[in-house]
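Below is one structure, written out as C-alpha cells; comments come after it.
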Amino acid sequence: MTVLLALLLQVGPAPAIEPISPIPEELQEQRERTRARRNAYVEVLPETSRLAQCLTRTREDPGAAANEAHEWLTAAGGPDRGDAAQCLGVAQARLGQQSQAAGTFLQARDATPPGDHRARALRGGLAGGALLAQGNPAGALELLDVARVDAQAAGEEAILGQIAIDRAIALVALERLEEAETALETARAALPDNVDAWLLSATLSRRHGKLDEAQARIERAAVLDPLDPGVGLEAGVIAAMAGRDDAARKNWRSVIEAAPGSDAAATAQAYLEQLDAP
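Structural data, given as C-alpha cells:
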C-alpha cells in the first residue's frame, strides 16, 4: 500500500550539506514504506472472509482484483458494499490510482454502519492517506481528523497511530509544526515500536535544530530497523549538521551497501559528494 505521502521545514544550513529539497524526498519515500507496513492492521481478518481473499488478490494481481472488486461492489448490498469498496480502493491504490482510491475508500466508509468505528476509522484513514499521496494535505487532514475520532471511539491504538503519522505529514506540509509534533507524540505512544514514527520524529526535531533530540530519536529508529535506508540517510544528515562528518559518511555508505542501485543509495552518494567537495 503510504505514507502515506512531505515535511517542508529546514532550519539552518547543514555543514557542507544543501537542504534536502523543498519537499524532502526522505519523507515522501517514508510515506511509501508506511503504506506498505499498514498491511499489518489493514488485513487482520478471518482468512476465509471474502474481503481477506480479495485483499490477498490485490497483492498478487491488483488489476484483476480491481475488476473483481468492482463486480462485487456492483452486486453488493448493505455492509458488504463497504467491504467491496475497501478492496477496490486498495487495488486502485496499488495501481497508483490515488484519486480514484480516495473516493472509493470514502464510499467504503460511508457504507459502513455508524457503530462500526474500527472499520470507519480504517477506511477513512485510507481515504486520507490516498489524498496525502496525491498531494492534497488539506483534504487529507480533514478526512484523517474524522478517522481519528472513530479510531478513538473504537479503542484501536494501531489504527490511531498510523492516522497520527499521516496527520503529522499533512500538518507539516501545511506548516502547522507544533500540531505535527503533537501528532507524532500520539504516534510514538500508540506505536512505540514503529520505525516510521521515530524516523519522522527525528526528521522534525532535526529541522527544528534540536540535534540532541533528533539523535536520540534516530538511534531508536535504528534499533527498530537498522537496515532501513531512510534511517541511514537521516542519521547521516543529523551527524553532518552536528559536525560529525565521519559518522555522516559511515551512515551514508551503509545505505549504499544495504540498498545498491536504489534512490536512497543515489541520495546517499550525492550527500557524500557534497560533504567531500573541496
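Residues in the sequence shown are numbered from 10 upward in steps of one, following the numbering used here. We put the beta carbon where it would ideally sit given N, CA and C, even for glycine. The structure presented is a predicted model; accordingly, all values stated were derived computationally and were not measured.
Practice task
Ignoring anything shorter than 4 residues or poking outside the stretch 73–114, list the alpha helix (DSSP H) runs there in chain order.
Solution key: 89–103
Exercise for the section: Identify the continuous alpha helix (DSSP H) that holds Arg129 and give its terminal residues. Expected result: His126 to Gln143
Exercise for the section: Enumerate in chain order the residues of its own chain whose CB-to-CB distance from Ala248 is below 7 Å, with the five nearest sequence positions on each side excluded. Expected result: Ala256, Ala257 and Asn260
Problem - C-beta contact flag for Val181 and Leu213 at 8 Å - result: yes
Practice task
Would you kindly work out how many angstroms separate the C-alpha atoms of Leu281 and Leu220, rounded to a whole number?
Solution key: 20 Å
Problem - the stretch 130–145 contacting the stretch 91–110, beta-carbon criterion three pairs below 8 Å - result: yes
Practice task
Taking 8 Å as the cut-off, decide whether the C-beta atoms of Ala211 and Ala230 are in contact.
Solution key: yes
Exercise for the section: Starting from the Cα of Arg157, find the closest Cα among Pro88, Leu169, Pro123 and Asp119 and give me that residue. Expected result: Leu169
Practice task
Taking all protein chains shown into account, decide if Val232 is buried (16 or more other Cβ within 10 angstroms of its Cβ) or exposed.
Solution key: exposed
Practice task
Might you give, ordered along the chain, the residues of its own chain that have their beta carbon closer than 6 Å to the beta carbon of Arg103, omitting 5 neighbours on each side?
Solution key: Thr67 and Pro71
Problem - Gln283 burial status per 10 Å Cβ neighbour count (16 or more: buried) - result: exposed
Problem - Cβ pair Ala130, Asp159 closer than 8 Å - result: yes
Practice task
Please confirm whether Leu64 and Leu82 have their CB atoms less than 8 Å apart.
Solution key: no
Problem - Every unbroken alpha helix (DSSP H) inside the stretch 158–188 [4 residues or more] - result: 166–182
Practice task
In the DSSP assignment, find the alpha helix (DSSP H) that holds Leu233 and state where it starts and stops.
Solution key: Leu220 to Leu233
Practice task
With Thr65 as the anchor, note down where its alpha helix (DSSP H) starts and where it stops.
Solution key: Arg59 to Glu69
Handout entry: Nearest-angstrom Cα separation, counted from Arg197 out to His126
Key = 22 Å
Handout entry: Residue span of the alpha helix (DSSP H) that contains Leu242, given as start and end
Key = Pro238 to Met250
Exercise for the section: Since I believe Ile265 is in contact with Glu243 (beta carbons under 8 Å), could you give me their beta-carbon distance rounded to a whole number of angstroms? Expected result: Wrong, their Cβ atoms sit about 15 Å apart, outside the cutoff.
Problem - Identity of the residue in Thr191, Gln278 and Ser271 nearest Arg262 by Cα - result: Gln278
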